[in-house]
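Residue numbers (the working numbering): 224 to 412.
Here's the structure, in structure tokens; my notes come after.
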């Protein structure tokens, strides 16, 4: 029995999912479970095939984690579409840094208060959702009419800003898990 063919450097093709931003976590999880079952080392009797299955299973698990995290999924998709990477374009929305610096000052003033921390955490979560929605809208435009330089630049700019918001969330909640989508998907199945 030969292990199934797959492409390790593209998590979408690895899991047999369309390369798009708006993937439902349950679809990613279902594709992962299907592929993981196909690659389970116990399905193979040959030692070399078992070792290959273990390696491929690890790649499938990584693909699942990447696609369940919307920020990571967007970065991968933008790269696959030929858009700029993180190091290629560090542009941020106008006045974004000034706003973030002001917010950080206000957060520090509220640092000792649980109520303040929760208020800022709620704000950051809302910001995160807003950025993800805008990123999703931009990817939808790219699907409809192709990835223009303007859309690619806008996606990168939104992703750069989202990274700041993610860092803020991490600082507000040290127990924050980047893989929260992954954890929610695990609990659904």
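Don't be surprised by glycine CBs; every beta carbon is placed ideally from N, CA and C.
| query | result |
| --- | --- |
| Are the Cβ atoms of residue 235 and residue 297 separated by less than 9 Å? | no |
| Which runs of the beta strand (DSSP E), 3 residues or longer, sit entirely within the region 257-301? | none |
| Straight-line CA distance for residue 289 to residue 389? | 16 Å |
| Using DSSP with H/G/I as helix, E/B as strand and the rest coil, what is residue 227? | In this prediction, residue 227 has a pLDDT of 41, which is less than 50 and means its spatial position is unreliable; what the coordinates show is noted afterwards. Residue 227 falls in the coil class under three-state DSSP. |
| Hey, quick one: how far does the alpha helix (DSSP H) through residue 319 stretch, first residue to last? | 319-332 |
| Can the beta-carbon of residue 303 be found less than 9 Å from the beta-carbon of residue 242? | yes |
| Indicate the three-state DSSP secondary structure (helix, strand or coil) for residue 232 in the structure shown. | coil |
| Between which residues of its own chain and residue 251 is the CB-CB distance below 8 Å, once the five residues before and five after are set aside? | 238, 240, 287, 290, 291, 408 |
| With a cut-off of 8 Å on the beta carbons, I'd call residue 363 and residue 374 a contact; round off their distance for me. | Actually they are not in contact, since the Cβ atoms of residue 363 and residue 374 sit about 10 Å apart, beyond 8 Å. |
| Check each candidate in 394, 248, 284 and name the one with the smallest Cα separation from residue 347. | 394 |
| Leaving out five residues on either side along the sequence, give the residues of the same chain with a beta carbon under 6 Å from the beta carbon of residue 391. | 347 |
| If we cut at 9 Å on Cβ distances, does residue 322 have a partner in chain B? | Here there is only one protein chain, and chain B is not present. |
| How is residue 244 classed by DSSP in three states: helix, strand or coil? | coil |
| Would you say the region 314-330 touches the region 381-388, given that touching needs at least three Cβ pairs under 8 Å? | yes |
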